[in-house]
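Per the numbering used here, residue 1 is the first one in the sequence shown, and the count goes up by one each step.
For each residue, glycine too, the CB sits at the ideal point set by N, CA and C.
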Amino acid sequence: MSEISRTVEHRADIVIVASAFGADAIRRDGHAVWAAAAARAGADGFEVRRELFASDADAQPEALAQLGQRIRAHGLWSVYSTPAMLFRDDGALDAAALSLAIDEASALEARIVKLQLGGTESGVATDPAALDRLMSGIAASSARVVVENGQLKAGGTIAAFAALFAALPAQSGLAMTFDTGNWHWAEQDPLDAAKRLAPHVGYVHCKAVMGEGARRFAVAPANGDARFATLLAHLPGDVPRGIEYPFIPGADVSLDADAARQVARVAAF
């Protein structure tokens, strides 16, 4: 069976990350307005970004519950993303950050709750006490808990993720968000990461990268991008794929039209 045929028959859910519509637009209008746009584009899910709330009031339980209801009214399920680190700068588990993220995701009724890995450039705590506390925290979550590779070497190296998952039991409840572009900022090989970490991936953030060094930026994968297609082929084909690059309206295409085009493109890879 061809990769295209597999995708058509067992298409992964496509999630639009709120920031794809522009951070300023989300802060100005609120997530619910743009969840409607995600639904019009044909997405299955919508990723709420805590850092794009206009104020802390948006993160209160009642506000999150109302937002969740509005997202579901559009036929979408939600991801709750927080910039909080699962592990502190000294490598220790931040159980309070995990608990807060889980509580907020629960109020939203999110299907997935996403944190950054954090830790040091050497990795994160993997001693039995830390792992027991981590698994106890995860067990309290109704949403699937995932940690994302960030753009810094602290929390963004293949070795840190490999060591953590090697230390955890197979049924720990923790999975990872595999961001296809962030590996470049952390000077890691995305394909090597996919080969080593695929069994632990529960969500994929899709983007290509242009530029070098600090001048890198996220862009849509090009049509027929063989490297991107190969990368996705090494990852689980049934986990949700999030679009995290900006939609670009133009003279001949509206923002809604580009969003719909990108949903179809990511689904077809």
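Query, Result
"Contact between the segment 245–252 and the segment 17–37 (3+ Cβ pairs under 8 Å)", "yes"
"Host beta strand (DSSP E) of residue 78 (start-end)", "77–87"
"For residue 126, three-class secondary structure by DSSP", "coil"
"Beta-carbon contacts of residue 5 that lie in its chain and below 7 Å, excluding the five residues immediately before and after", "Residue confidence for residue 5 is low, a pLDDT of 35 falling below 50, so the modelled location carries little weight; the figure read from the coordinates is stated next. If we look at residue 5 and ignore the five residues flanking it on each side, it has no Cβ neighbours."
"Cβ shell of residue 146 (< 8 Å), same chain only, five flanking positions each side left out", "112, 113, 114, 115, 174, 175, 176, 177, 202 and 203"
"Extent of the continuous alpha helix (DSSP H) run through residue 33", "31–40"
"Bridge partners - residue 74, DSSP secondary structure assignment", "Bridge partners of residue 74: none, in fact."
"Supposed close pair residue 52, residue 27 - CB separation, criterion 8 Å", "6 Å"
"Sequence-distant residues of its chain with Cβ nearer than 6 Å to residue 142 (five each side left out)", "106"
"Beta-carbon proximity of residue 109 to residue 68, cut-off 8 Å", "yes"
"Three CB pairs or more closer than 8 Å across the segment 43–63 and the segment 71–88", "yes"
"Cβ neighbour criterion (16 or more within 10 Å) applied to residue 194", "buried"
"Residue environment, residue 171, which counts as buried when at least 16 other CB atoms sit within 10 Å", "exposed"
"Same chain, Cβ closer than 7 Å to residue 235, five either side skipped, listed in chain order", "178, 194, 198, 201 and 204"
"Top-ranked residue by Cα proximity to residue 263, from 148, 221 and 233", "221"
"Integer-rounded CB distance, given that residue 188 should sit under 8 Å from residue 156", "7 Å"
"Supposed contact pair residue 85 and residue 118 - C-beta distance, whole angstroms, cut 8 Å", "3 Å"
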